[in-house]
Amino acid sequence: MSIDDVRHGKPDPEGFTRALAQLNAVTGADPPIEPRQTVAVEDATGGAQAARAAGMRVAAIRGMGYDPASGYADIVIDRLDPAALDLMLAIGSTGQRQ
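Take the sequence shown: its position 81, counting from 1, is numbered 79 in the numbering used here, and each next residue is one higher.
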């Protein structure tokens, strides 16, 4: 999903909601995957805001693009690695912020 596929870009949640709808359509998930069962990975505050507005859990990558004070992320990670994946799986399964 790119900016060309949506009418409204981030921080609007349209890209995330459309991507999940497409994933559900392609996989035929029954019951469909719900936003609260997902974890979006973002490197920008606007993207984290959009994912949160879509009802998703959020893992933000620490850097200049994400402001940790915004509070949009469930977790803030330094990089995508096995330890970060474990954290993301934990917030996706429990639905609780860490």
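Don't be surprised by glycine CBs; every beta carbon is placed ideally from N, CA and C.
Values in this document were obtained by computation on a predicted structure and should not be read as measured data.
Rounded Cβ spacing between residue i and residue j (contact assumed at less than 8 Å)
i	j	result
Val56	Ala46	5 Å
Arg60	Asp76	5 Å
Limits of the unbroken alpha helix (DSSP H) element including residue i
i	result
Arg50	Thr43 to Ala51
Ala17	Glu12 to Thr25
The beta strand (DSSP E) enclosing residue i, as first and last residue numbers
i	result
Ala57	Arg55 to Ile59
Ala67	Ala67 -> no beta strand (DSSP E), and no H or E assigned at all.
Ala71	Premise fails: Ala71 is in no beta strand (DSSP E) and is neither H nor E.
Glu40	Val37 to Glu40
Candidates the options: closest to residue i by CA position
i	options	result
Thr15	Ala38, Gly63 and Ile89	Ala38
contact_flag[the region 69 to 87, the region 19 to 34] where n(CB pairs < 8 Å) is 3 or more: no
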